[in-house]
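Enquirer:
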Amino acid sequence: MKKNLLLNTEKIDSIIKRLACEIIENNISLEKTCLIGIKSRGDLIAKRICEKIFEINGYEIEFGHIDVTFYRDDFLSNLGSHKIGPSRVNVDISKYNVILVDDVLFTGRTIKAALDEIFSFGRPLSVQLAVLVDRGNRQLPIKANYIGKNIPSSKTDQVHVYVKNYDGKDEVCIVECEK
Amino acid sequence: MKSKHLIGLETTPKDDISEFIDTGFLFREILERPIKRVPSLTGKNIVNLFFENSTRTKISFELAEKRLSADITNFSSSSSSVKKGESLKDTIQNIHAMKIDCVVMRHPVPGSAIQLTNYVDSVIVNAGDGTHEHPTQALLDMMSLKEHFGNIKGLKIGIVGDILHSRVALSNIFGLVKLGAKVKVCGPPHLIQKGIEELNVGVEYNVDNLIEWADAINILRIQRERMGVGIIPSVREYRRFFGITTERMKNHKKEIVVMHPGPINRGVEIDSSIADSNQAIILNQVLNGVAVRMSVLYLLLGNNDLK
């Protein structure tokens, strides 16, 4: 097993700032935009992007989070893998452009589950996707609109994302596992 | 999750009971959405076997199953081969041969649910077996208490009515005691089992004392079919001694939470003014019933720890 540090606190900070800028640039009416983080960690990243947007142009963007466990296609093999958390979407989603936020984009199955779940709250004006890390190896035709960093990886590698207010540190690293 | 089936709360570990309740709150949130459906149990087959009449339990289970996207089949004994003399074992083995994943059963004979586990490997959920247990009712009662008070540990809960014949009372006692609540039962002396204190519950024969003691009371239905057959002399007498009446509640300064598993006999065990007041959480119990049954089916049908 070989562990490589890919992103540290400063790099993650600057990535979040860039993502915030890109979101502002692409969404002219921020009052019709809301960020929805995918648990766990996607919600924390979404919250930080919200704070950054507030810092940059003083607008408090709507924010929510979802836990997609009930919508996963692999729920039978994944049940019990983590404690399921509550979902919270406080806005009438049919009046908003939704930006889903997740930490790592990998097979695309989490995003498919998130799309299914988002539509149970109503029909959003549009849905975009922002991720901190895109590690490739997609199994579904899904593409992110905002990418923090592209990390080419093999299927057997593990990409770990740590977020300050959850894990106590900001860090992204890749662990190469023997095949 | 250690449980494979949900037969009764007596045999369900404390941690599993807590998990059923806590996951229930997640489903409760889903029930508030415009589209109240998740695809979790897509492709799973559930059979509802009801050998006894039921309105809300049956509807509640059906809704829970549909909202988890399971495929369901309903069976009621009145229109089946049971009328032709088929035994429970044969009925269930035949149904099981059609490849089902879960059986939800209500049956008038105590112990029929556990019996079922000997015949088939599907997940068995007890929806009431005679005077034995009705675990999902107790889970929804506890979920409603947790919703209202935030915690169950240390709560003082009174159960009023015909304790002897009540599966709701028994399941509530097992569940509440396991989660650390204090429980007292109250009713006519001949309708309370001898030795019930061994289950760590208190016995109170005066309902006014119970109201003064309790944080919440669960009022059981007085089964009218038992009236006048030597068990309860008359409706008026029962109402006078054990009914939760408007006058009685006025005499007590405190406001306690009132629960009822339904169906309500208005003017017998509870007055309309109390059942419809803000201190009653009866309709909340019904909504939580769907949520907690979704939680039970979801957790049992996806239980990986056992495979």
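Line order of the protein sequences matches chains A and B. 0 is the number of the first residue of the first sequence in numbering that gives the first Met the number 0; add one for each residue after it. 0 is the number of the first residue of the second sequence in numbering that gives the first Met the number 0; add one for each residue after it. Glycine included, every Cβ here is placed at the ideal spot set by N, Cα and C.
(1) Determine the direct distance from the alpha carbon of Gly147 of chain A to that of Phe26 of chain B, and round the result to whole angstroms.
(2) Beta-carbon within less than 8 Å of Arg71 of chain A's beta-carbon, same chain only, minus the 5 sequence neighbours each way: which residues are those?
(3) Check distances from the C-beta atoms of the segment 83 to 110 of chain A to those of chain B and list, in chain order, the residues that come in under 7 Å.
(4) Would you check if the distance between the CB atom of Ile35 of chain A and the CB atom of His64 of chain A is smaller than 8 Å?
(5) From A:Asn25, A:Asp102, A:Arg137, pick the residue whose C-alpha is nearest to that of Leu43 of chain A; which is it?
(6) Identify every run of the beta strand (DSSP E) within the segment 113 to 187 of chain B, keeping only runs that are complete inside it and at least 3 residues long; order them along the chain.
(7) Any chance the CB of Val100 of chain A is under 7 Å from a heavy atom of the ligand COA?
(8) Who are the neighbours of Thr22 of chain B on chain A, taking C-beta pairs under 9 Å?
(9) Check the Cβ of Ser119 of chain A against every Cβ in chain B and list those closer than 9 Å, keeping chain order.
(10) Output needed in chain order: residues of the segment 156 to 184 of chain B with a Cβ under 8 Å from some Cβ in chain A.
(11) Run the CB neighbour count on Ile14 of chain A, radius 10 Å, all protein chains shown included, and call it buried at 16 or more, exposed below.
(12) Please determine, among B:Val103, B:Leu209, B:Val256, the residue with the shortest C-alpha to C-alpha distance to Glu51 of chain B.
(13) Note down the Cα distance separating Asn56 of chain A from Ala19 of chain A, rounded to an integer number of angstroms.
(14) So, for Asp15 of chain B: in the same chain, excluding its five sequence neighbours on each side, which residues have a beta-carbon less than 7 Å away from its beta-carbon?
(15) Does any residue of chain A have a CB that is nearer than 8 Å to the CB of Leu25 of chain B?
(16) Roughly how many angstroms lie between the CA atoms of Gln114 of chain B and Ser59 of chain B, to the nearest whole one?
(17) Following the continuous alpha helix (DSSP H) through Lys148 of chain A, name the residue where it begins and the one where it ends.
(18) Mapping the DSSP letters down to three states, classify His251 of chain B as helix, strand or coil.
(19) Residues of chain B with CB under 9 Å from Asp115 of chain A, in chain order?
(20) Indicate whether Ile162 of chain B and Gly186 of chain B have their beta-carbon atoms separated by less than 8 Å.
(21) Report the rounded CA-to-CA distance for Gly135 of chain A versus Thr130 of chain B, giving the unit in angstroms.
(22) Around the Cβ of Arg166 of chain B, are there at least 16 other Cβ atoms within 10 angstroms (buried) or fewer (exposed)?
(23) For His259 of chain B, report the span of its beta strand (DSSP E) as first-last.
(24) Please report the distance separating the alpha-carbon of Pro109 of chain B from that of Asn47 of chain B.
(25) If you count every other CB in all the chains shown that lies within 10 Å of the CB of Pro12 of chain B, and 16 or more means buried, which is it?
(26) Which bits of chain B does Tyr70 of chain A rub up against, with CB to CB less than 8 Å?
(27) Would you mind giving the Cβ-Cβ distance between Arg40 of chain A and Val162 of chain A, rounded to the nearest angstrom? I have them listed as a contact below 8 Å.
(28) Counting beta carbon pairs with one atom in the segment 201 to 216 of chain B and one in the segment 144 to 155 of chain B, are three or more of them shorter than 8 Å?
(29) Between the Cα of Ile117 of chain A and the Cα atoms of B:Glu246, B:Ala290, B:Val37, B:Leu5, which residue gives the shortest distance?
(30) Which term fits Thr135 of chain B, buried or exposed, when burial requires 16 or more other beta carbons within 10 angstroms of its beta carbon?
(31) Quick check: the Cα distance between Val158 of chain A and His164 of chain B, rounded to an integer number of angstroms?
(32) Can you tell me whether Lys145 of chain B is buried or exposed? The criterion is at least 16 other CB atoms within 10 Å of its CB, across all chains shown.
(33) Is the segment 258 to 269 of chain B in contact with the segment 238 to 245 of chain B, if contact means three or more CB pairs nearer than 8 Å?
(34) Glu268 of chain B by DSSP, collapsed to three states: which one?
Expert: Short version:
(1) 33 Å
(2) Asn77, Arg108, Thr109, Ala112
(3) Ile83, Pro85, Ser86
(4) yes
(5) A:Asp102
(6) 122 to 128, 155 to 159, 181 to 185
(7) The ligand COA is not part of the structure shown, which contains no ligands of any sort.
(8) Ile83
(9) Ile29, Arg32, Pro33, Ile34, Lys35, Arg36, Val37
(10) none
(11) buried
(12) B:Val103
(13) 10 Å
(14) Met0, Lys1, Ser2
(15) yes
(16) 24 Å
(17) Run containing Lys148 of chain A: none in the alpha helix (DSSP H); it sits in the beta strand (DSSP E), 145 to 149.
(18) coil
(19) Val37, Pro38
(20) yes
(21) 58 Å
(22) buried
(23) That residue, His259 of chain B, is in no beta strand (DSSP E); it is neither H nor E in DSSP.
(24) 18 Å
(25) exposed
(26) Val37, Pro38, Ser39
(27) 5 Å
(28) yes
(29) B:Val37
(30) buried
(31) 58 Å
(32) buried
(33) yes
(34) coil
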